[in-house]
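*Asks:* Mind looking over this structure? Questions follow.
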Amino acid sequence: MALDRPSLPLWIRMLIVSCCAIEAAFWLAPIVGFDQPLRAMANLVGAFWPPVFQSGKGLYPGQSIAMFLTYGLLHGGLMHLAMNMFSLAAVARELARFMRPLRMGLVYLVSQVAAALAFAWMSSLTAPMVGASGAIFGLAGALIGQAIKWRLHNAMSMRPIWRTVLIIGGLNVALTFAVPNIAWQAHLGGTVAGFVLGLLLPLRPEFKRPRRSRFPTVNPPNTR
């Protein structure tokens, strides 16, 4: 059935494992005798730094480009990681009903880049940004866009869509006040990018088929 909830795409599972492995390495490093501040070192080379983006100069050649990809793999601690990974799994599982894995990957990548650009443009902070939340909000935006297309195709009410939009908007506002130093600009940039892609990318082919009747077709009687 088209609306059945599929399993998580492989790339999502690999991404979750990678983020968890990186965070585990930060915690295990002192235990195994590694004296250097591994998290700080990773943030220096992998976090998104607005000054590096603006100047184009970093600690290594190409950092101003590479950090658009690497900052989403780093997190600020176990709580930050857990919130993002649970959110990623929940949103991705829902979006997989509408979108193929490769298109989901495109949405995630574009949303992560858009989130960083929005942060660099709208924030006056020079501190680095880490975390996958901007890209996750992008997947949520794409889910809203795809759901709108599906409901329009089936002439269904848009009321659940507006409820979802209010929930996501309220969550972003709540996180802004509840969590210190949260990059709400990245959440906004990722959501907008994901929503636009959700409207532009096609639905799965099975969503465009006419809905089957709930009642069996009865053949007309033989009148000969």
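With the working numbering applied, the sequence shown corresponds to residues 4 to 227, in that order.
Think of the CB as a built atom: it goes at the ideal place given N, C-alpha and C, for glycine as much as any other residue.
All values derive from a computational prediction rather than experimental measurement.
Of the residues R166, A150 and Y74, which one's Cα is nearest the Cα of M159?
*Replies:* Nearest C-alpha to M159: A150.
*Asks:* List the endpoints of the continuous alpha helix (DSSP H) containing N87.
*Replies:* Looking at the DSSP string, the run of the alpha helix (DSSP H) that includes N87 is L81 to L98.
*Asks:* Per DSSP, what kind of secondary structure is M132 in: helix, strand or coil?
*Replies:* DSSP places M132 in strand when its eight states are reduced to three.
*Asks:* Flag L169 as yes when its Cβ comes closer than 6 Å to any non-hydrogen atom of the ligand GTP, and as no otherwise.
*Replies:* Ligands are entirely absent from the displayed structure, and the ligand GTP is therefore not among its contents.
*Asks:* What is the C-beta distance between A138 and G193, in whole angstroms, given that I count them as a contact (C-beta under 8 Å)?
*Replies:* Between G193 and A138 the Cβ distance is about 6 Å, and since that is below 8 Å, they are a contact.
*Asks:* Please classify A24: does DSSP put it in a helix, a strand, or coil?
*Replies:* A24: helix per DSSP, three-state reduction.
*Asks:* Which residue comes first and which comes last in the alpha helix (DSSP H) that contains P54?
*Replies:* Where P54 is concerned, the enclosing alpha helix (DSSP H) stretches over P53 to S58.
*Asks:* Three or more beta-carbon pairs under 8 Å between the segment 112 to 128 and the segment 187 to 205, yes or no?
*Replies:* Contact holds: three or more Cβ-Cβ distances are below 8 Å.
*Asks:* From F198 to G36, what does the alpha carbon distance come to, in whole angstroms?
*Replies:* One C-alpha to the other measures close to 46 Å.
*Asks:* List the endpoints of the continuous alpha helix (DSSP H) containing F71.
*Replies:* Looking at the DSSP string, the run of the alpha helix (DSSP H) that includes F71 is Q66 to T73.
*Asks:* Can you list, in chain order, the residues of its chain whose CB lies under 6 Å from that of T32, leaving out five sequence neighbours each side?
*Replies:* Per the sequence shown, the amino acid found at residue 32 is Ala instead of Thr. These residues qualify, in order along the chain: L41.
*Asks:* Check whether the Cβ atoms of G75 and A135 lie closer than 7 Å to each other.
*Replies:* Their beta carbons are under 7 Å apart, which means G75 touches A135 by this criterion.
*Asks:* Quick one, are the C-beta atoms of G148 and G201 less than 7 Å apart?
*Replies:* Yes. Within cutoff.
*Asks:* Quick one: measure Cβ to Cβ for L11 and R96, integer angstroms, because I've assumed they're closer than 8 Å.
*Replies:* Confirmed, about 6 Å.
*Asks:* Considering only residues of the same chain and omitting the five flanking positions on each side of S67, which have a CB-CB separation below 6 Å?
*Replies:* Contacts found: V55, F56, G59 and G61.
*Asks:* Assign Q115 to one of two classes, buried (16 or more other C-beta atoms within 10 Å of its C-beta) or exposed (fewer than that).
*Replies:* So Q115 counts as buried.
*Asks:* What residue range does the alpha helix (DSSP H) around P33 cover?
*Replies:* Neither: P33 is in no alpha helix (DSSP H) and is coded neither H nor E.
*Asks:* Which one of V94, A92, F140 and M88 has the shortest CA to CA distance from V113?
*Replies:* Closest by alpha carbon: F140.
*Asks:* With a threshold of 7 Å on Cβ separation, who are the neighbours of Y111 within its own chain once the five nearest residues in sequence on each side are excluded?
*Replies:* Answer for Y111: A138, G141 and L142, listed in chain order.
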